[in-house]
DNA sequence: GAGTAGATCCTCT
DNA sequence: GAGGATCTACTCA
């Protein structure tokens, strides 16, 4: 399906995260590579699913209505940092903060196709063999990559966690759009088409299509 | 295969 | 003191 091309991997630049349109960035993140390098263990995966959270005007966002708390203050900082938080007491959800200071945009990474360090991911998740549950869904992928809430505030331009472009390009018709998942509480904002995924990829969460 | 309950704990009210 | 940007296992059919 995808071919790895590690030689041409290039970290996404600060300016990539600084742009205004969080929905556009969410779409562009599909096909990019998320890499973690923690305690000398390198694991990575290609992003196949993402969701945009459009700051203060978005009821589904933690920053909805300008809410500002200890937990989400990182969203009010500059783009290019990680926002990780705990959900349902069990799951660590990994977000990419975008835009500039005081504009709390973020993108939730929901699905990855494993690339490097698959055996390490299996160890972390207590799985025996690779299947599509390893990095499908936001809770699973952060566990597989070793990401937890203590990584909130980590720069995505550093060595520990970063996003890279290895030259893979997705054609426009390979990308599908849908409403976001698990945000029914957000009223009509739950219907916004802010979720993007690679059509037919087995690491996309939700019902297979 | 579909539907539901339980896990589990940090964060905000 | 309540509830959440979820996942899994279990039931029932």
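In my numbering, the protein residues as written are 308 to 516.
C-beta: ideal position from N, C-alpha, C; glycine also.
Exercise. Throw me the rounded Cβ distance for the residue 511 and residue 482 pair, which I believe falls under 8 angstroms.
Key: Within the first chain, residue 511 is the residue found at index 204, counting from 1. Within the first chain, residue 482 is the residue found at index 175, counting from 1. So it is not a contact: roughly 11 angstroms between Cβ atoms.
Quiz item: Got a sec? Which residues, its chain only, sit under 6 angstroms from residue 493 by beta carbon, not counting five neighbours each side?
Solution: For the purposes of this step, residue 493 is taken as the residue at position 186 of the first chain. Only 366 and 367 meet the Cβ criterion.
Quiz item: Roughly how many angstroms lie between the CA atoms of residue 501 and residue 484, to the nearest whole one?
Solution: Walking along the first chain from the start, residue 501 turns up at place 194. Walking along the first chain from the start, residue 484 turns up at place 177. Cα to Cα, the separation comes out at about 7 angstroms.
Exercise. Give the straight-line distance between the Cα atoms of residue 383 and residue 321, rounded to the nearest whole angstrom.
Key: Along the first chain, read from residue 1 onward, the residue named residue 383 stands at position 76. Along the first chain, read from residue 1 onward, the residue named residue 321 stands at position 14. When rounded, the distance between both Cα atoms is 16 angstroms.
Quiz item: Under a three-way DSSP split, which group does residue 376 fall into?
Solution: Indexing the first chain from 1 puts residue 376 at position 69. Coil.
Quiz item: Under 7 angstroms between the Cβ atoms of residue 343 and residue 391?
Solution: Position 36 of the first chain, counted from the first residue, corresponds to residue 343. Position 84 of the first chain, counted from the first residue, corresponds to residue 391. Cβ atoms of residue 343 and residue 391: not closer than 7 angstroms.
Quiz item: Would residue 439 pass as a contact of residue 509 if the rule is Cβ separation under 7 angstroms?
Solution: If you number the first chain from 1, residue 439 lands on position 132. If you number the first chain from 1, residue 509 lands on position 202. Closer than 7 angstroms, so yes.
Practice problem: Kindly provide the ranges of any beta strand (DSSP E) runs that are 3 or more residues long and lie completely inside the region 417–495, ordered along the chain. | Solution: 468–472 and 482–485
Quiz item: Looking only at C-alpha atoms, which of 380, 393 and 474 sits nearest to residue 412?
Solution: Mapped onto the first chain, residue 412 falls at position 105. Per the Cα distances, 380.
Exercise. Please report the Cβ distance between residue 353 and residue 422, rounded to the nearest whole angstrom; I am assuming they are in contact, meaning their Cβ atoms lie under 8 angstroms.
Key: Locating residue 353 in the first chain gives position 46, where the first residue counts as 1. Locating residue 422 in the first chain gives position 115, where the first residue counts as 1. 6 angstroms between Cβ atoms; contact.
Exercise. Please name the residue in 436, 472, 464 and 467 whose C-alpha comes closest to that of residue 426.
Key: Taking the first chain and counting its residues from 1, the one referred to as residue 426 is at position 119. The shortest C-alpha separation from residue 426 is found at 436.
Quiz item: Just how far apart, CA to CA, sit residue 387 and residue 409?
Solution: Numbered from its first residue, the first chain carries residue 387 at position 80. Numbered from its first residue, the first chain carries residue 409 at position 102. C-alpha separation (whole angstroms): 14 angstroms.
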